[in-house]
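**Student:** My structure is below; once you've seen it, I'll send some questions.
Residue numbers (this note's numbering), protein chains in the order written: chain A, 16 to 414; chain B, 175 to 859.
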């Protein structure tokens, strides 16, 4: 074999050393660790990844703009994917086929389960009811700690699914004794056509519609959803745009707009915040977040601080210390929020609902069981303070 | 000559430290080990080739190169720890390609240099003694490798941390280099290197500072790097960077205990293989007479006890042993066997999820007893590799248990019994008067009949069985790993294959023999290590002994080869001997299995290495033993070893099993033998 000359060797070695010494050389793989704020893991458009033609689960997308040369812009979420024919969107669910935008997630859910409503989590929405929960594949975020990456980070074609027409979903929900349909697990915004197609007949059938989402949606589609959705849990992942970009691949501002819109449209809203050590456990940030919530959507929307457990790619961190969650809760209460919960900590006292008027326990939760329930006419049975939420006498009687 | 031996000692110790470091920094599975070995050997091979460009070897330059080697070790280690979070972020796992690029780049300086120094030393010696034999350098290098391996495996790992072990292993090199010291500047260099080493020795804990919280304890056990982090009031034990047990999570402890024990009216004897925080306290709620707790790593047991992650409950009987090996010799039977192990994504862990283990467990259960184990599941949807893994485990356990019940969730639990498994677990706990925070209150909402049914429908009893010698689960685990990171191994494999074809086409027949020998030596060693731990348990000292025995065979082999007068006949005879060795190994593993004594493996490793070592001086003699031939031969040996490490552990064993892997190695060697035969005939004898 021909030997390398010394010059090549020295140059090569210097290049290796240079690459190894410079973190910049690895930028495609990672982010800065110190402040966990640099970098952007936002997803990209998949060029030429669309199927050749619409399949059985394709449906023309309901909000998009046609551009020159057969290109289209998806108008559902702030990514505003500009797709040439044959391209696939960031969320992996939408494709441009011949100058028309199609969703590939219509009638083909990959996860269908019946859950307690508390699991969403929704603590102030008809406690104790069973919820028909479904998801199709795809997500417009790239959360490093995604709990459902098995479906959120794949295309609808890559996952097993069951055929379930919208009307069949509604019928199944009723048959299984569910009081609501939840669009959940992955990101329902990516299958908004399917979601709305179920939500309409569900509403007619007397079922509630629950939207469990990252809230990364444009104002137009959101306005349409508000007509259909009865309750929403929005995951406010951080109160820092840099963290949103580095941890989730999204932006903060559109999510805040979603919260304001849901509040303005009087959709029952609960907010979730996952406290990730080293990323979103900055108490000053939590303070600012709570202040924003109180000032912009008021003190009544329940806020859930969830404990982080190692998940997906973020699996080399310890779980969130319980005291950190308690500090977050204290901050939120001090800011004036009335109902602040700690989630993913079984048996914690902050799982229960307390009256903001008298401080008495009004709903006790043991897992998904409700051993105590002291609400009367949507108000505290002890002092009469009105408790925000969707309550129902019949449901209460079942407790 | 002393310097070559000393370089061997330092380089092997550095290699072992680096493997452990990368395992601590990344995924602790065989893919990482294979990648590190592959990179190391390829870099060594490239460095050796590059040495050909050294026109005039000088002792002063060798002195500086040696100093650089000594100084680079700790610097490189510190750089790995510093760059890892900087490049990839806090708390993040990364996939195959980032690991490959990172390990390649960060070990490049040392790997290239150490490959360069060996032939350079030969060239220098030949300036003084023109007919100095390449074999002698090879012998010296091997001697150094053996000493370095033994020093690290049996001494340094027990007493020193990595940043202490590196300078300690480099002391002989420092002494040898000092003899070449070119003057005042040289002494200044020596002092500088010493200072770097001392600084490194003092900086071990500082370089392990966790991204969140603070480091309150640290131990390099024989099996992993154990760190204990405290964040607020929460204490978490990490093994190789992944959380192993924490003080504040009752969920897993409750699930692993109450799912199986609620099946029994009154469990008297319980076997627990490894533990999570809080498991022992949960078991104690049943007041069993005996809890036998088997833990492989004494340091894990010690740290768990020290930080309140395991309690001293009544009836506790701790045992430090390999769980499977211990069970094999245990005459007792149990009401419940609880496996509390990480995901079976390494060969070491896979041994607890194979047919032979389930058979062993079934034999040790009393009538009505229960075996419980769990693997990663999913909140709402199983990926295809996950589904295949669950199905295989279901089919494998089903061969020895009449009833295998799966419970869905983020961890999927397997309850295996000869009698039906009851699913009214909260009610049973209530009747037994056992209070829980998770299982009782959450079971009915999380483990719904609909979810159980969906999971049971996803598995089938005809799925491939996971066997010791054909570890189907490893294939699936790696498919899952690649899926998680959105990557495919095939791009890499195709690139390696293309590079190999290109490389192979440029090799002479003697070089090909040594290439195949290097591949076989490493591949055979890996087969032996895996077979050893499958059948005889993963006991650090014995695995170390096996590796040392294998290395030790090279030395007498090379010595015998240097005395052989007919290179072509010798090379072919050695190839034939290796072929016979492979055939015997295949037969022994197939029919012998766990009946083979440890001595068999030590002997087999020694004999294989001897045959491989025998070929090096013969190939050198046949190729003329000039500088070019020597460097070429050292290089192909290393590159062959690199390919052997990579292919055997990542591809051949998971896909072909142990027997298939040995069969393929036989094919490689037959090709080598026929090539050599043709070369000899062409050359007229």
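Even glycine gets a Cβ: it sits at the ideal position worked out from N, Cα and C. These numbers were taken from a predicted model, which means no experiment stands behind them.
Threshold first: 4 residues or longer. Then list the alpha helix (DSSP H) segments lying entirely within the segment 326 to 368 of chain B, N to C.
**Tutor:** For the segment 326 to 368 of chain B, whole alpha helix (DSSP H) runs of length 4 or above, ordered along the chain, are 336 to 352.
**Student:** Return no unless some Cβ of chain B is closer than 9 Å to the Cβ of residue 164 of chain A.
**Tutor:** Walking along the first chain from the start, residue 164 of chain A turns up at place 149. Closer than 9 Å to some Cβ of chain B, the Cβ of residue 164 of chain A qualifies, so yes.
**Student:** Beta carbons nearer than 9 Å to chain B: which residues of the segment 58 to 79 of chain A have them?
**Tutor:** Under the 9 Å Cβ criterion, the segment 58 to 79 of chain A contributes no residue.
**Student:** Give the DSSP-derived three-state secondary structure of residue 226 of chain A in the structure shown.
**Tutor:** The sequence position of residue 226 of chain A within the first chain is 211, counting from 1. Three-state result, residue 226 of chain A: strand.
**Student:** Considering only C-alpha positions, which residue in the set A/316, A/330, A/69, A/123 is nearest to residue 405 of chain A?
**Tutor:** As a working mapping, residue 405 of chain A is identified with position 390 in the first chain. For residue 405 of chain A, the nearest C-alpha among the options comes from A/316.
**Student:** For chain A, find out if any of its Cβ atoms is closer than 9 Å to the Cβ of residue 392 of chain B; answer yes or no.
**Tutor:** Here residue 392 of chain B corresponds to residue number 218 of the second chain, with the count starting at 1. No, residue 392 of chain B does not count as interfacial toward chain A.
**Student:** When DSSP builds the beta bridges, which residues end up paired with residue 246 of chain A?
**Tutor:** Counted from its first residue, the first chain places residue 246 of chain A at position 231. Looking at the DSSP assignment, residue 246 of chain A forms a beta bridge with A/225, A/283.
**Student:** Determine the direct distance from the alpha carbon of residue 179 of chain A to that of residue 124 of chain A, and round the result to whole angstroms.
**Tutor:** Here residue 124 of chain A is taken as the residue at index 109 of the first chain, counted from 1. Here residue 179 of chain A is taken as the residue at index 164 of the first chain, counted from 1. Cα to Cα, residue 124 of chain A sits roughly 7 Å from residue 179 of chain A.
**Student:** Does residue 131 of chain A come within less than 9 Å of chain B when only Cβ atoms are used?
**Tutor:** Residue 131 of chain A sits at position 116 when you count from the first residue of the first chain. Taking Cβ atoms only, chain B reaches closer than 9 Å to residue 131 of chain A, which makes this a yes.
**Student:** Determine whether the Cβ of residue 386 of chain B lies closer than 9 Å to any Cβ atom of chain A.
**Tutor:** In the second chain, the residue the question calls residue 386 of chain B occupies position 212. Yes - at least one Cβ of chain A is within 9 Å of the one on residue 386 of chain B.
**Student:** For residue 185 of chain A, is the classification buried or exposed, using 16 other Cβ atoms within 10 angstroms of its Cβ as the cut-off for buried?
**Tutor:** Sequence index remark: in the first chain, residue 185 of chain A carries index 170 (1-based). By the 10 Å Cβ count, residue 185 of chain A comes out buried.
**Student:** Run the CB neighbour count on residue 349 of chain B, radius 10 Å, all protein chains shown included, and call it buried at 16 or more, exposed below.
**Tutor:** As a first step, residue 349 of chain B is located in the second chain; it is residue number 175 there, counting from the start. Residue 349 of chain B comes out exposed.
**Student:** Within the 9 Å Cβ cut-off, does residue 393 of chain A reach chain B?
**Tutor:** Taking the first residue of the first chain as position 1, residue 393 of chain A is located at position 378. No - not a single Cβ of chain B is within 9 Å of the one on residue 393 of chain A.
**Student:** Just to make sure I have the definition right: I need the residues of chain B whose C-beta is within less than 8 Å of the C-beta of residue 338 of chain A. Which are they?
**Tutor:** Here residue 338 of chain A refers to the residue found at position 323 of the first chain. Within 8 Å Cβ-Cβ: 406, 407, 408.
**Student:** Does chain A have any CB closer than 9 Å to the CB of residue 240 of chain B?
**Tutor:** In the second chain, the residue the question calls residue 240 of chain B occupies position 66. Judged by the 9 Å Cβ criterion, residue 240 of chain B is not in contact with chain A.
**Student:** Is the beta carbon of residue 222 of chain B closer than 9 Å to that of residue 809 of chain B?
**Tutor:** Sequence index remark: in the second chain, residue 809 of chain B carries index 635 (1-based). Sequence index remark: in the second chain, residue 222 of chain B carries index 48 (1-based). Yes, the pair counts as a contact, with Cβ atoms nearer than the cut-off.
**Student:** Based on the DSSP secondary-structure assignment, which residues constitute the bridge partners of residue 110 of chain A?
**Tutor:** As a first step, residue 110 of chain A is located in the first chain; it is residue number 95 there, counting from the start. Beta-bridge pairing links residue 110 of chain A to A/103, A/117.
**Student:** Could you tell me the distance, in whole angstroms, from the CA atom of residue 171 of chain A to the CA atom of residue 751 of chain B?
**Tutor:** Translated into positions along the first chain, residue 171 of chain A becomes position 156. Translated into positions along the second chain, residue 751 of chain B becomes position 577. The straight-line gap from Cα to Cα measures roughly 55 Å.
**Student:** Can you give the Cα-Cα distance for residue 592 of chain B and residue 658 of chain B, rounded to whole angstroms?
**Tutor:** Within the second chain, residue 592 of chain B is the residue found at index 418, counting from 1. Within the second chain, residue 658 of chain B is the residue found at index 484, counting from 1. Answer to the nearest angstrom: the Cα atoms are 36 Å apart.
**Student:** Alpha carbon to alpha carbon, what distance is there between residue 753 of chain B and residue 729 of chain B?
**Tutor:** Position 555 of the second chain, counting from 1, holds the residue named residue 729 of chain B. Position 579 of the second chain, counting from 1, holds the residue named residue 753 of chain B. Distance between the alpha carbons of residue 729 of chain B and residue 753 of chain B is about 20 Å.
**Student:** Should residue 204 of chain B and residue 824 of chain B be called a contact, given that it needs their Cβ atoms to be closer than 9 Å?
**Tutor:** Numbered from 1 along the second chain, position 30 holds the residue referred to as residue 204 of chain B. Numbered from 1 along the second chain, position 650 holds the residue referred to as residue 824 of chain B. In this structure, residue 824 of chain B lies closer than 9 Å to residue 204 of chain B by Cβ.
**Student:** Below 7 Å between beta carbons is the criterion; list the residues of the segment 341 to 361 of chain A that meet it against any residue of chain B, in chain order.
**Tutor:** Under the 7 Å Cβ criterion, the segment 341 to 361 of chain A contributes 361.
**Student:** Indicate whether at least one CB of chain A lies closer than 9 Å to the CB of residue 555 of chain B.
**Tutor:** As a first step, residue 555 of chain B must be located in the second chain, where it is residue number 381. By this cut-off, residue 555 of chain B is an interface position.
**Student:** Tell me which same chain residues have a C-beta within less than 6 Å of the C-beta of residue 487 of chain B, skipping the five on either side of it?
**Tutor:** Within the second chain, the letter at position 313 stands for residue 487 of chain B. These residues qualify, in order along the chain: 454, 458.
**Student:** Residues in its own chain within less than 6 Å of residue 255 of chain B by CB, not counting five upstream and five downstream?
**Tutor:** Against the second chain, residue 255 of chain B aligns to sequence position 81. Cβ within range, chain order: 381.
**Student:** Which partner residues does residue 411 of chain B have in the DSSP bridge list?
**Tutor:** Here the question's residue 411 of chain B lines up with position 237 in the second chain. B/402, B/419.
**Student:** Roughly how many angstroms separate the alpha carbons of residue 351 of chain B and residue 363 of chain B, rounded to a whole number?
**Tutor:** For the purposes of this step, residue 351 of chain B is taken as the residue at position 177 of the second chain. For the purposes of this step, residue 363 of chain B is taken as the residue at position 189 of the second chain. Approximately 11 Å, taken between the alpha carbons.
**Student:** Can you pull the chain B neighbours of residue 222 of chain A, defined as C-beta to C-beta under 9 Å?
**Tutor:** For the purposes of this step, residue 222 of chain A is taken as the residue at position 207 of the first chain. Chain B residues near residue 222 of chain A: none, gap ~18 Å exceeds 9 Å.
**Student:** Does residue 128 of chain A come within less than 9 Å of chain B when only Cβ atoms are used?
**Tutor:** Translated into the one-based positions of the first chain, residue 128 of chain A becomes position 113. So yes, residue 128 of chain A belongs to the interface.
**Student:** For residue 23 of chain A, name the three-state secondary structure that DSSP assigns.
**Tutor:** Position 8 of the first chain, counted from the start, is the residue given in the question as residue 23 of chain A. The predicted model places residue 23 of chain A with a pLDDT of 46, which falls under 50 and marks its position as unreliable; any figure quoted below should be read in that light. Helix, per DSSP.
**Student:** Just the Cα atoms here: how many angstroms apart are residue 384 of chain B and residue 704 of chain B?
**Tutor:** Your numbering for residue 384 of chain B matches position 210 in the second chain. Your numbering for residue 704 of chain B matches position 530 in the second chain. Rounded to the nearest angstrom, the two C-alpha atoms are 33 Å apart.
**Student:** Closer than 8 Å by C-beta to residue 60 of chain A: which residues in its own chain qualify, once you throw out the five before and the five after it? Chain order, please.
**Tutor:** Locating residue 60 of chain A in the first chain gives position 45, counting from the first residue. So the qualifying residues of the chain are 96, 97, 98, 102, 103, 104, 105.
**Student:** For residue 110 of chain A, which of A/290, A/63, A/196 has the nearest alpha-carbon?
**Tutor:** Translated into the one-based positions of the first chain, residue 110 of chain A becomes position 95. It is A/63 whose Cα lies nearest to the Cα of residue 110 of chain A.
**Student:** Between the Cα of residue 449 of chain B and the Cα atoms of B/420, B/183, B/433, B/441, which residue gives the shortest distance?
**Tutor:** Against the second chain, residue 449 of chain B aligns to sequence position 275. Among B/420, B/183, B/433, B/441, the Cα nearest to that of residue 449 of chain B is on B/420.
**Student:** Closer than 8 Å is the cut-off here; do at least three beta carbon pairs connect the segment 113 to 127 of chain A with the segment 201 to 212 of chain A?
**Tutor:** Contact holds: three or more Cβ-Cβ distances are below 8 Å.
**Student:** What residues of chain A sit near residue 618 of chain B, judged by a beta carbon separation below 9 Å?
**Tutor:** Counted from its first residue, the second chain places residue 618 of chain B at position 444. Chain A residues near residue 618 of chain B: 131, 382, 383, 384.
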